[in-house]
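Q: In the numbering used here, each number is its position in the sequence shown, counted from 1, plus 103. The structure under discussion is supplied below as structure tokens; questions concerning it will follow.
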Amino acid sequence: MAAAATCGAGTLSSECVASEAGQSRTSSFQRRGKASGAPGGGPRLLSIAGTRPSVRNGQLLVSTGLPALDQLLGGGLAVGTLLLIEEDKYNIYSPLLFKYFLAEGIVNGHTLLVASAKENPANILQELPAPLLDDNGKKELEDVHSAKPPEADANMKIAWRYQLQPRMEVGPVLSSRFGHYYDVSRRIPQELLESSNWHGFFLPEHTPPGLKGEPCFLSCGYMKLLQFFQNIIYTEGFDGANPQKKQKNILRIGIQNLGSPLWGDDICCKENSDNHHRLTKFLYILRGLLRSSLSACIITMPAQLVQNKAITTRVRNLSDTVVGLESFIGSERETNPLYKDYHGLIHIRKIPRLNNLTCDESDVKDLAFKLKRKLFTIECARASLAVLFLDRLSV
104 MAAAATCGAG
114 TLSSECVASE
124 AGQSRTSSFQ
134 RRGKASGAPG
144 GGPRLLSIAG
154 TRPSVRNGQL
164 LVSTGLPALD
174 QLLGGGLAVG
184 TLLLIEEDKY
194 NIYSPLLFKY
204 FLAEGIVNGH
214 TLLVASAKEN
224 PANILQELPA
234 PLLDDNGKKE
244 LEDVHSAKPP
254 EADANMKIAW
264 RYQLQPRMEV
274 GPVLSSRFGH
284 YYDVSRRIPQ
294 ELLESSNWHG
304 FFLPEHTPPG
314 LKGEPCFLSC
324 GYMKLLQFFQ
334 NIIYTEGFDG
344 ANPQKKQKNI
354 LRIGIQNLGS
364 PLWGDDICCK
374 ENSDNHHRLT
384 KFLYILRGLL
394 RSSLSACIIT
404 MPAQLVQNKA
414 ITTRVRNLSD
424 TVVGLESFIG
434 SERETNPLYK
444 DYHGLIHIRK
454 IPRLNNLTCD
464 ESDVKDLAFK
474 LKRKLFTIEC
484 ARASLAVLFL
494 DRLSV
């Protein structure tokens with residue numbers, strides 16, 4: 104009971120996930136001393152595909168699909184948290200981060216929940232980038248999708264010395280590497296999509312024309328979306344209070360263009376909106392669902408279109424991690440020779456403080472990104488350092 108109470112508060116750590124499943128992992132063919140897990144008698148960390156514990160605080164992490172971004176965020180995105188992507192001006196590069204996050208979920212066998220008011224989620228999944236795999240990764244991928252569930256008497260055919268070995272979760276583990284690289288010039292294989300478990304929320308299909316929500320609380324779109332989230336989390340066992348009956352898994356939630364007029368919000372149209380509290384209340388409730396479930400969420404938002412900057416500040420405060428993209432398209436930097444090697448800047452505006460008073464912050468502040476033929480990369484902006492150096496010389 105003590106373990107359950109501890110895991111119920113805040114985000115879910117790897118120890119909480121381990122203690123939740125420690126009681127049901129003892130085989131009748133295993134000795135009690137070996138089945139207990141770790142040598143010290145404590146619970147062994149439960150292996151969930153595509154996750155790893157943080158070396159700082161033991162928090163369970165998932166990859167964003169971009170290893171360079173994982174490193175900037177302190178190792179990855181913590182389970183139970185929300186990542187806000189502030190879209191670039193013309194919304195060209197932010198969808199790539201959104202698709203990387205979803206593609207990483209499919210590669211690791213995670214359940215996806217994709218929500219959009221503009222594009223059908225099925226079409227979004229069709230445009231996910233293809234993973235770059237070596238020979239070992241390809242073989243493991245084939246084994247994952249061709250594997251069949253073991254027979255009931257399979258344990259009787261295994262040698263006794265192998266029965267004493269720690270048993271791992273049987274699941275779609277693609278490789279031991281945390282995070283993968285993707286080829287944006289190719290689409291994800293169709294067989295991967297067909298074997299994946301995903302749920303789509305397309306706003307026009309869930310809100311009949313003319314239907315409006317309560318003006319003092321949430322818009323109809325936000326209300327329907329929260330109900331959809333809650334139903335998936337509870338019915339499929341991602342809720343931390345109701346453990347999953349089958350193999351442990353992660354729910355990856357992706358919400359596209361949140362706060363735009365397509366969601367029935369007017370914060371991008373009016374500076375003094377009467378319904379500015381709708382978005383913040385939605386995020387407050389969403390964070391409550393994330394904190395008590397094995398899930399991680401990414402949201403893209405047109406922050407540059409929000410008329411009232413106070414709303415942007417509140418949205419950032421309600422997010423655990425905030426990353427902003429600044430594209431050079433249409434700006435003076437596009438023709439500046441100092442920035443000729445890059446397509447824009449990436450700003451790490453907020454790093455989560457989970458189970459800590461401090462957070463891991465990168466020493467590198469001048470970060471730029473560029474989109475190559477196959478890869479989206481994040482690098483240190485040498486141009487910014489050069490400008491700073493020239494400024495100091497002039498002084």
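We treat Cβ as the ideally placed atom computed from N, Cα and C, and that holds for glycine.
By how many angstroms is the C-alpha of Leu441 removed from the C-alpha of Tyr325?
A: Position 222 of the sequence shown, counting from 1, holds the residue named residue 325. Position 338 of the sequence shown, counting from 1, holds the residue named residue 441. Distance between the alpha carbons of Tyr325 and Leu441: 43 Å.
Q: Are the CB atoms of Leu354 and Leu397 within a distance shorter than 8 Å?
A: Counting from 1 along the sequence shown, the entry for residue 397 is found at position 294. Counting from 1 along the sequence shown, the entry for residue 354 is found at position 251. Yes. Within cutoff.
Q: My guess is that Phe201 and Gln359 are in contact by the Cβ rule of under 8 Å, so how many angstroms apart are they, rounded?
A: Counted from its first residue, the sequence shown places residue 201 at position 98. Counted from its first residue, the sequence shown places residue 359 at position 256. At roughly 6 Å, the Cβ-Cβ gap stays under 8 Å, so Phe201 and Gln359 are in contact.
Q: In the DSSP assignment, what residue or residues form a beta bridge with Thr154?
A: Position 51 of the sequence shown, counted from the first residue, corresponds to residue 154. Beta-bridge pairing links Thr154 to Val165.
Q: Under 8 Å by Cβ, that's how I've got Leu164 and Thr154 pegged, so tell me the actual separation to the nearest angstrom.
A: By 1-based counting over the sequence shown, the position of residue 164 is 61. By 1-based counting over the sequence shown, the position of residue 154 is 51. Their Cβ separation, rounded to whole angstroms, is 6 Å, which keeps Leu164 and Thr154 in contact under 8 Å.
Q: Anyone know if the C-beta pair for Leu478 and Tyr284 falls short of 8 Å?
A: In the sequence shown, the residue the question calls residue 478 occupies position 375. In the sequence shown, the residue the question calls residue 284 occupies position 181. Yes, the Cβ-Cβ distance between Leu478 and Tyr284 is below 8 Å.
Q: Quick one: what's got a C-beta closer than 8 Å to Leu389's C-beta in the same chain, skipping five residues either side?
A: The residue given as residue 389 occupies position 286 in the sequence shown. So the list reads Leu185, Leu329, Phe332 and Cys400, once near-sequence residues are dropped.
Q: Beta-carbon separation of Val217 and Gly357 under 8 Å?
A: For the purposes of this step, residue 217 is taken as the residue at position 114 of the sequence shown. For the purposes of this step, residue 357 is taken as the residue at position 254 of the sequence shown. Contact flag set, yes.
Q: Would you mind sorting Glu374 into buried or exposed? The rule is 16 or more other CB atoms within 10 Å of its CB.
A: What you label residue 374 is simply residue 271 of the sequence shown in a count that begins at 1. Label assigned to Glu374: exposed.
Q: I'd like to know if the region 401-408 and the region 188-203 are in contact, where contact means that at least 3 CB-CB pairs between them fall below 8 Å.
A: Yes, they touch.
Q: Measuring CB atoms only, is the region 284-293 touching the region 225-237, in the sense that at least three cross pairs come out at less than 8 Å?
A: Short answer: they touch.
Q: Is it the case that the Cβ atoms of Leu408 and Cys371 are separated by a distance below 8 Å?
A: Taking the first residue of the sequence shown as 1, we reach residue 408 at position 305. Taking the first residue of the sequence shown as 1, we reach residue 371 at position 268. Yes. Within cutoff.
Q: Take Ala484 and list the residues in its own chain whose beta-carbon comes closer than 7 Å to its own, dropping the five residues that flank it on each side.
A: Mapped onto the sequence shown, residue 484 falls at position 381. Excluding sequence neighbours, Ala484 sits near Tyr445, Leu448, Asp469, Leu470 and Ala471.
Q: If I'm right that Gly303 touches Pro224 with Cβ under 8 Å, what's the distance once you round it to whole angstroms?
A: Residue 303 sits at position 200 when you count from the first residue of the sequence shown. Residue 224 sits at position 121 when you count from the first residue of the sequence shown. Indeed, because the Cβ distance is near 3 Å, the residues count as touching under 8 Å.
Q: Is it right to say Gly208 is buried, meaning 16 or more other beta carbons lie within 10 angstroms of its own, or is it exposed?
A: If you number the sequence shown from 1, residue 208 lands on position 105. When all chains shown are included, Gly208 counts as buried.
Q: Leaving out the 5 sequence neighbours to the left and right, which residues in its chain are closer than 6 Å to Ser157 when beta-carbon positions are compared?
A: Counting from one through the sequence shown, the residue named residue 157 turns up at place 54. Answer for Ser157: Leu164 and Gly178, listed in chain order.
Q: Who are the Cβ neighbours of Pro364 in its own chain at under 8 Å, not counting the five residues just before and after it?
A: For this step, residue 364 is matched to residue 261 along the sequence shown. Hits under 8 Å: Cys371 and Cys372.
Q: For Lys351, is the classification buried or exposed, using 16 other Cβ atoms within 10 angstroms of its Cβ as the cut-off for buried?
A: Start at 1 with the first residue of the sequence shown, and residue 351 comes out as number 248. Buried.
Q: Answer with buried or exposed for Gly433, where buried requires no fewer than 16 other C-beta atoms within 10 angstroms of its C-beta.
A: Here residue 433 refers to the residue found at position 330 when the sequence shown is read from its first residue. Classification of Gly433: exposed, given that the 10 Å Cβ count is below 16.
Q: Do you know whose CA, among Asn411, Lys412, Asn439 and Ile451, lies nearest Gly427's CA?
A: On the sequence shown, position 324 is the one that residue 427 refers to. The option with the nearest alpha carbon to Gly427 is Ile451.
Q: Looking only at C-alpha atoms, which of Arg436, Phe431, His379 and Pro292 sits nearest to Thr416?
A: By one-based count along the sequence shown, residue 416 stands at place 313. If we check each option's Cα against that of Thr416, His379 comes out closest.
Q: Assign Ser298 to one of two classes, buried (16 or more other C-beta atoms within 10 Å of its C-beta) or exposed (fewer than that).
A: What you label residue 298 is simply residue 195 of the sequence shown in a count that begins at 1. Exposed: under 16 other Cβ atoms inside 10 Å.
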